[in-house]
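With our numbering applied, the sequence shown corresponds to residues 33 to 339, in that order.
Don't be surprised by glycine CBs; every beta carbon is placed ideally from N, CA and C.
No experiment lies behind these values; they were computed from the predicted model shown.
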Amino acid sequence: MTQPIETYLRELRDIRASGAGVKETSYYGALANLCNDIGKALKPRVRCIINLRNQGAGIPDGGLFTADQFQKADPAEPLEGTLPARGAIEVKGTGDDTGKIADSEQVKKYLAKYGQVLVTNLRDFVLVGKDGTHLESYRLAENEQAFWTAAANPTAFAALHAERFTEYLKRVMLSNAPLENPKDVAWFLASYARDAKARIEQAPLDELATIRAALEEALGVKFEGEKGLRFFRSTLVQTLFYGVFSAWVLWCKTNIRTPNSTNRTPFDWYSSARYLRVPILRKLFHLISEPGQLDELNLSEPLDWAA
Numbered sequence: 033m034t035q036p037i038e039t040y041l042r043e044l045r046d047i048r049a050s051g052a053g054v055k056e057t058s059y060y061g062a063l064a065n066l067c068n069d070i071g072k073a074l075k076p077r078v079r080c081i082i083n084l085r086n087q088g089a090g091i092p093d094g095g096l097f098t099a100d101q102f103q104k105a106d107p108a109e110p111l112e113g114t115l116p117a118r119g120a121i122e123v124k125g126t127g128d129d130t131g132k133i134a135d136s137e138q139v140k141k142y143l144a145k146y147g148q149v150l151v152t153n154l155r156d157f158v159l160v161g162k163d164g165t166h167l168e169s170y171r172l173a174e175n176e177q178a179f180w181t182a183a184a185n186p187t188a189f190a191a192l193h194a195e196r197f198t199e200y201l202k203r204v205m206l207s208n209a210p211l212e213n214p215k216d217v218a219w220f221l222a223s224y225a226r227d228a229k230a231r232i233e234q235a236p237l238d239e240l241a242t243i244r245a246a247l248e249e250a251l252g253v254k255f256e257g258e259k260g261l262r263f264f265r266s267t268l269v270q271t272l273f274y275g276v277f278s279a280w281v282l283w284c285k286t287n288i289r290t291p292n293s294t295n296r297t298p299f300d301w302y303s304s305a306r307y308l309r310v311p312i313l314r315k316l317f318h319l320i321s322e323p324g325q326l327d328e329l330n331l332s333e334p335l336d337w338a339a
């Protein structure tokens, strides 16, 4: 079964190869198809509509609507005056800088109206929150040339990013949804954990040696052979995210006693070790939070998102 990202890359490649398109609008359809392919698996389903009508903040390139926002008589048309529940989309060409776009005055206007904006140049994606904070980002290629070179082989390119990029877009489409059920929080934590596991799988084993030894000693096991190494990576990720959640629960118990205190310490995962009482968890967070180790394993982002 072809992954949505492979279809997306193939469509972009073919449009560019035709020589008949323009740098932005010709590619909108491919982006909408990608969002719709991923959004249809969510509950409620999320759909992308290109070129929204002006509702006082300009004309966004697209918007992410939930299924309940569409007319029953005409399921292709959102209800009159409805704002996209999951935010607006701003699209530029592959040579543009998403960071500058995300901080632009136009995006600020969209934020004031729509709450959040997904900014993309088709290869970089930045989710911007209402206060202008860059919440989460994903990069398919470092620059325009590298992107189009890789897109020439969409199957191989997609294989490198399919799982993490799909999870990222799901989180984008769910990030503006109300968290009303514990299972919704659990879904986000599991999604961040899957992202972390994909990153660890790309890390050389020698960079994991110290952490591996610590887990082996604590658990009284040896992670040997290919199956053992897979189990080690899974165990490491599960332990980390269990630790973050446990530390947050203990942080809440400490801080809820003084909810209005100006001395209340904000929660961050770096400080998890001070709340955790299980020795292996404390040791693991001390090891992981060392700057050098973080840089090597590339785990800061998913742990920050979880926190």
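Run of the beta strand (DSSP E) containing residue i, from where it starts to where it stops
i	result
T126	Careful: T126 lies outside any beta strand (DSSP E) and carries neither H nor E.
D156	156-160
S169	166-171
R79	78-82
T152	149-152
Same chain only: Cβ atoms within 6 Å of residue i, ignoring 5 sequence neighbours per side
i	result
F157	Y170
L167	L159, G161
N99	The amino acid at residue 99 is misidentified as Asn; the sequence shows Ala. If we look at A99 and ignore the five residues flanking it on each side, its Cβ neighbours are P76, R77.
Q148	G119, G161, N208
R226	E199
L313	G275
L66	P36, Y40
Residue environment, residue i, which counts as buried when at least 16 other CB atoms sit within 10 Å
i	result
N153	buried
A134	buried
L96	buried
Q234	exposed
P236	exposed
P210	exposed
G71	buried
Y142	buried
R309	exposed
P311	exposed
T126	buried
First through last residue of the alpha helix (DSSP H) which encompasses residue i
i	result
T187	186-206
G71	60-71
L272	257-287
T39	36-50
D303	Residue identity check: residue 303 is Ser in the sequence provided, not Asp. First-last for S303: undefined, no H or E at that position.
T242	241-251
Sequence-distant residues of its chain with Cβ nearer than 7 Å to residue i (five each side left out)
i	result
A105	At A105, the pLDDT of 49 sits below 50, so the modelled position is not reliable; the number obtained from the coordinates is stated separately. Taken in chain order, the list of residues that qualify is empty.
V276	W301, S304, L335, A338, A339
N68	R79, C80
T130	V151, T152, N153, D156, V158
F283	First, the amino acid is wrong: residue 283 is Trp here, not Phe. Once the five neighbours on either side are set aside, the close Cβ partners of W283 are F299, Y307.
H64	As written in the sequence, residue 64 is Ala, which differs from the His given in the question. Once the five neighbours on either side are set aside, the close Cβ partners of A64 are C80, I82, G94.
V217	L211
Beta-bridge partners of residue i, as assigned by DSSP
i	result
F97	R79
A120	G95, V149
Spatial neighbours of residue i in its chain, beta-carbon cut-off 8 Å, leaving aside the 5 residues before and after
i	result
G90	Q138, K141, Y142
F197	I37, Y170, L172
L331	A228, R231, I232, L272, I320
K132	none
L251	T267, I312
L74	K202, M205, L206
F179	T126, L154, R155, L172, A173
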